[in-house]
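Participant:
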């Protein structure tokens, strides 16, 4: 009887406190003072609703990506700045949600905020939506920089997840402060082992990522 009770308690504890897949960590466990605002846990995103697979505001990355990100955070902390994570590991079911949404061309609830100058029917062709995402491999993340004293985000010249040339790294239509802020973000991430994506100033992937072309689907919780 005692053995059965102990086994049952072990099962309940394991179920309630499920472990991440081997090779993954919660970013806060590695970088306690990093800021996290997973937009897909909310309805303020280009879809306009909470995205499948996002249950809690917890950033998850591979161990290697989290350790490299810690280098960037340490460097920024010297300037009273911090990284804010908008997205990190992304379940495949979330990507599937994006694909379904993109095919519903009449659903343009968030167009004014996120893609005012792009026709929704062209999102696939333009590369804004795809059936696979590097995020699902666990070493890609979307970030910005915030002032640790004020909590305000630095002005990057366009909002996160804005579909358009305004978000391209080489966008020339920026003021001096915006160029400075983008340059700082790109430099600190490059020096910490990440490579950027030319059309999104916020998007970075770890060089030599451990699970390249593997697409996970465990829930963010």
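In this note's numbering, the protein residues as written are -19 to 201. Where is the CB? At the ideal position from N, CA and C, for every residue including glycine. Quantities reported herein were computed from a predicted structural model and do not represent experimental measurements.
Which whole-angstrom value describes the C-beta separation of residue 69 and residue 3, a residue pair presumed to lie in contact below a C-beta threshold of 8 Å?
Facilitator: Taking the first residue of the chain shown as position 1, residue 69 is located at position 89. Taking the first residue of the chain shown as position 1, residue 3 is located at position 23. At roughly 11 Å, the Cβ-Cβ gap does not stay under 8 Å, so residue 69 and residue 3 are not in contact.
Participant: Cα separation between residue 76 and residue 111?
Facilitator: Along the chain shown, one-based indexing puts residue 76 at 96. Along the chain shown, one-based indexing puts residue 111 at 131. So the alpha carbons of these two residues sit roughly 7 Å apart.
Participant: For the segment 186 to 196 against the segment 122 to 133, are there 3 or more C-beta pairs whose distance is under 8 Å?
Facilitator: no
Participant: Any idea which residues DSSP pairs residue 150 with across the strands?
Facilitator: Counted from its first residue, the chain shown places residue 150 at position 170. In the DSSP output, where bridge partners are listed per residue, residue 150 has none listed.
Participant: How would you write the range of the beta strand (DSSP E) that residue 145 sits in, first residue to last?
Facilitator: The residue you call residue 145 lines up with position 165 of the chain shown. Residue 145 -> no beta strand (DSSP E), and no H or E assigned at all.
Participant: Contact defined as beta carbons within less than 8 Å: I believe residue 166 pairs with residue 135. What is the distance between those atoms, to the nearest angstrom?
Facilitator: Here residue 166 corresponds to residue number 186 of the chain shown, with the count starting at 1. Here residue 135 corresponds to residue number 155 of the chain shown, with the count starting at 1. Going by Cβ atoms, the distance from residue 166 to residue 135 rounds to 15 Å, so no, they are not a contact pair.
Participant: Spatial neighbours of residue 31 within its chain, please: CB distance less than 6 Å, with the 5 preceding and 5 following residues excluded, ordered by chain position.
Facilitator: Position 51 of the chain shown, counted from the first residue, corresponds to residue 31. Annotation for residue 31: 20, 74, 77 place their beta carbon closer than 6 Å to its own, counting only its chain and skipping 5 residues before and after.
Participant: Drop a sphere of 10 angstroms on the beta-carbon of residue 139, count the other beta-carbons inside from all chains shown, and report buried for 16 or more, exposed for fewer.
Facilitator: Translated into positions along the chain shown, residue 139 becomes position 159. Exposed, because fewer than 16 other Cβ atoms sit within 10 Å of the Cβ of residue 139.
Participant: Residue 95 and residue 144 look like a contact to me (Cβ under 8 Å); what is the Cβ gap, rounded to whole Å?
Facilitator: Along the chain shown, one-based indexing puts residue 95 at 115. Along the chain shown, one-based indexing puts residue 144 at 164. The Cβ separation is near 7 Å, so the contact holds.
Participant: Looking at the unbroken alpha helix (DSSP H) that takes in residue 48, where does it start and where does it end?
Facilitator: As a position in the chain shown, residue 48 is number 68, starting the count at 1. That run of the alpha helix (DSSP H) goes 43 to 57.
Participant: Quick check on residue 88: buried or exposed, where buried means 16 or more other Cβ atoms within 10 Å of its Cβ?
Facilitator: Taking the chain shown and counting its residues from 1, the one referred to as residue 88 is at position 108. Answer is exposed; the Cβ neighbour count stays below 16.
Participant: Excluding sequence positions up to five away, which residues of its chain have a Cβ less than 7 Å from the Cβ of residue 10?
Facilitator: Within the chain shown, the letter at position 30 stands for residue 10. Cβ neighbours of residue 10 beyond the five flanking positions: 46, 47, 50.
Participant: With DSSP as the reference, label residue 116 as helix, strand or coil.
Facilitator: Numbered from its first residue, the chain shown carries residue 116 at position 136. Three-state DSSP puts residue 116 in a helix.
Participant: Pick from 113, 25, 57, 79: whose alpha carbon is nearest that of residue 103?
Facilitator: As a working mapping, residue 103 is identified with position 123 in the chain shown. Among 113, 25, 57, 79, the Cα nearest to that of residue 103 belongs to 79.
Participant: Does residue 54 pass the burial test, meaning 16 or more other C-beta atoms within 10 Å, or should it be called exposed?
Facilitator: In the chain shown, residue 54 corresponds to position 74, counting from 1. Classification for residue 54: exposed.
Participant: Going by CA-CA distance only, name the one from 181, 151, 72 that's closest to residue 124.
Facilitator: As a position in the chain shown, residue 124 is number 144, starting the count at 1. If we check each option's Cα against that of residue 124, 181 comes out closest.
Participant: Ignore the nearest five residues each way along the sequence and tell me which others in residue 26's own chain have a CB closer than 8 Å to its CB.
Facilitator: One-based indexing of the chain shown puts residue 26 at position 46. Hits under 8 Å: 90, 93, 94, 95, 141, 143.
Participant: If I measure Cβ to Cβ from residue 22 and keep anything under 6 Å in the same chain, skipping five residues before and after, which residues do I get?
Facilitator: Translated into positions along the chain shown, residue 22 becomes position 42. Cβ neighbours of residue 22 beyond the five flanking positions: none.
Participant: List the endpoints of the continuous beta strand (DSSP E) containing residue 60.
Facilitator: One-based indexing of the chain shown puts residue 60 at position 80. Neither: residue 60 is in no beta strand (DSSP E) and is coded neither H nor E.
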